[in-house]
Amino acid sequence: MATYRSMILGCGPRARSHAEVYPELQGMELVACCDLDASRREQFQSDFSIPLAFDDYETALAEVQPDIVHVVTQPGRRIWEAECAGKAGVKACIIEKPLAVTPSEIVELERIRDLAKMKIAVNCQRRYFPQFRDGVIRDIIENKLGDVYLIRASTKGNLMSMGPHTMDLLLLIMGEADPIAVWAMAYGIDETGYKAHHRAPEHTFAQYWYEDGTRVLFDCDLDALGTPGETSFWMHLHFDVLGSKGRLYLTQNGGYWYQAEGMAEPEHGESSWDNQQTAGQRDFTQAVAEWLDGGKPHLNRFDVAKAGFNALIGALQSACEGRRVDLPHTFTDEQWEKYYGHLKSEHEASDEFRPA
Ligand SMILES: NC(=O)c1ccc[n+]([C@@H]2O[C@H](COP(=O)([O-])OP(=O)(O)OC[C@H]3O[C@@H](n4cnc5c(N)ncnc54)[C@H](O)[C@@H]3O)[C@@H](O)[C@H]2O)c1
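All the letters of the sequence shown, read from the start, carry residue numbers 143 to 498 under our numbering.
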C-alpha cells in the first residue's frame, strides 16, 4: 500500500474524531491541519502532534500538496472547499455531512469530482460499524422479516444535521433502493448555533414510497418520538422495521433486537455509538486509502450520499408544494430560498415560538 499524506481542514470538535484514529491507520499519515482560529489550530496541532499547521486553506494545499483532505467545517462552502482540493491535485476528499445544503450544490460537487477525478467520501461513518458493514442488519431484513412493508425512521436532529445519517442508514436498510415518491410536511426555523449552517425546518415529517411497496415514515423533528432510554439529544435515532414475518428495532446507541416467526425470544445485537464510533471512524478512514489503492469502493462514496441528499431535498419540495412529489425531485435553490423565508416568517409570527 502507498502512504497517503493527509490534511484536516477545520480543527473543531468533530475534527478530533478524525485525527485521533490516525495512529492506528496503515499507509496514511496526518501531516497538516488548517483552521482560521489560532487557538483551536495550535491546540489541535499539539494534541495530535501534527507537523504542519496553517490558517489559510489554499496556502496549505499549495505547500503541503496532500493526497487526502478531510473537510471538517460547517456546511455552506463545500463547493469552494472541494474545488480548491481538486485544483491542488488532491486524490480524495473526506467531507463531513451534510455534503450539501442546497439542490445545486450537489450538482456542482459532482462536476468538480468528475473534472478533478477526485474521489469524495462523505463522513457518514456509521456504515463502518460492524452490524452495517458486515451485512448483519441487511441479512435480518432480507432473510428473516418476510416482506418488509413499513419502516419508521426517527431522529430529533433536523434534515441537514441528523437527516444525512438517518437517510444514509435507511438507504443501507433498503438495499440502496431510491424512494420513488415522497409526501412531507414541515414547519419551524431556528437559526441559533449549528442550525445557522445546517439550514432546515425544525420539524419535518415525510412519508417515502418505494418500488417494492415499502413505505417509510421519516421523522426529522425536534419533537420526534425519542429513542427510549436516551438522555442525549444526538443519540435519539432509531428504526422500526416491520415485515410480514417479523420486526427489527434498531437504535443508534441502545442496541438492536429482532424477532421473527418461530423465535420464542427476540435476538439482541450491538449497536452502540459509545463503543463503535472510534473504530467506525478508523475503518471509514482506512477504507479511503484502500479505495485509492484500487480496492473496494468506499461505502460512503459520493453517489451514495448524493442519493440520500436528493431524497431529503425531495421531502423539502413536497412540504413546500403541499403535495406528493414523484422522485427525483425538481426543487431549485430559488424555490428552497423562498420556502425557507416563508417558514422563517411563519415561525416568527407564531405565538407558539415567541419567547415568554
Ligand atoms: N459524522 C458525525 O458523526 C458528525 C458529528 C458531529 C458533527 N459533524 C459535522 O462535522 C462538521 C463540523 O462540525 P464542528 O462541530 O467540528 O464545527 P465547528 O464549527 O466547531 O468547527 C469547524 C472549524 O472549521 C474552521 N474553518 C471553517 N472554515 C474554514 C476555512 N475556510 N479555513 C480554515 N478553517 C476553517 C472554523 O474556524 C472551525 O474551527 C459539521 O458539518 C457537522 O455536521 C459530524
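For glycine and all other residues, C-beta sits at the position ideal for the given N, C-alpha and C.
Please report the distance separating the alpha-carbon of residue i from that of residue j.
i: G437; j: G388; result: 36 Å
i: S246; j: I150; result: 25 Å
i: E223; j: D281; result: 38 Å
i: A342; j: L454; result: 10 Å
i: V430; j: S191; result: 22 Å
i: W399; j: H410; result: 4 Å
i: Y270; j: G228; result: 26 Å
i: T490; j: A195; result: Here residue 490 is Glu; the residue named in the question, Thr, does not match the sequence. For E490 and A195, the distance between alpha carbons rounds to 42 Å.
i: K259; j: A447; result: 17 Å
i: E162; j: V467; result: 43 Å
i: V213; j: Y329; result: 30 Å
i: R183; j: E250; result: 29 Å
i: F518; j: R219; result: The structure shown does not extend to residue 518, since the chain spans only 143 to 498, so no value can be given for it.
i: L485; j: A157; result: 32 Å
i: S386; j: E403; result: 9 Å
i: T427; j: G231; result: 19 Å
i: G169; j: H160; result: 16 Å
i: G288; j: M304; result: 29 Å
i: A323; j: T373; result: 34 Å
i: G450; j: L312; result: 9 Å
i: F473; j: H339; result: 20 Å
What span of residues does the beta strand (DSSP E) with residue i cover, start to end?
i: K239; result: Counting along the chain, K239 falls outside any beta strand (DSSP E), and DSSP gives it neither H nor E.
i: Y146; result: 146-151
i: I293; result: 290-297
i: H440; result: No beta strand (DSSP E) contains H440, which DSSP labels as neither H nor E.
i: A406; result: No beta strand (DSSP E) contains A406, which DSSP labels as neither H nor E.
i: W325; result: 323-329
i: L178; result: No beta strand (DSSP E) contains L178, which DSSP labels as neither H nor E.
In this structure, how does DSSP classify residue i when only helix, strand and coil are distinguished?
i: I279; result: helix
i: H489; result: helix
i: G422; result: helix
i: R389; result: strand
i: T427; result: helix
i: A498; result: Confidence at A498 is low in this model, with a pLDDT of 48, below 50, so the placement of that residue is unreliable and no value is reported for it.
i: I192; result: coil
i: K286; result: coil
i: D209; result: coil
i: G411; result: strand
i: H345; result: strand
i: I262; result: strand
i: A366; result: coil
i: A234; result: strand
i: F360; result: strand
i: M309; result: helix
i: D435; result: coil
i: E171; result: strand
i: D197; result: coil
Is residue i close to ligand 1? I mean its beta-carbon at under 7 Å from any heavy atom of the ligand.
i: L434; result: no
i: K239; result: yes
i: R182; result: yes
i: G450; result: no
i: S303; result: yes
i: N265; result: yes
i: G154; result: yes
i: D179; result: yes
i: P193; result: no
i: Y199; result: yes
i: Q216; result: yes
i: H340; result: yes
i: L203; result: no
i: L313; result: no
i: L379; result: no
i: A157; result: yes
i: L454; result: no
i: C176; result: yes
i: L441; result: no
i: L582; result: In the structure as shown, the chain starts at 143 and stops at 498, and residue 582 therefore has no counterpart that could be examined.
Along the chain, where does the alpha helix (DSSP H) containing residue i start, and where does it finish?
i: H380; result: Run containing H380: none in the alpha helix (DSSP H); it sits in the beta strand (DSSP E), 379-385.
i: D354; result: D354 -> no alpha helix (DSSP H), and no H or E assigned at all.
i: E223; result: 220-229
i: M304; result: It is not in any alpha helix (DSSP H) - M304 carries neither H nor E in the DSSP assignment.
i: Q401; result: Segment 398-402 is the beta strand (DSSP E) holding Q401; no alpha helix (DSSP H) there.
i: G450; result: 444-463
i: I248; result: 245-258
i: H340; result: Unbroken run through H340: none, as it is neither H nor E.
i: E162; result: 155-162
Quick one: is residue i near chain C, going by C-beta distance under 8 Å?
i: W415; result: Looking at the structure shown, chain C is missing, and only one protein chain is on hand.
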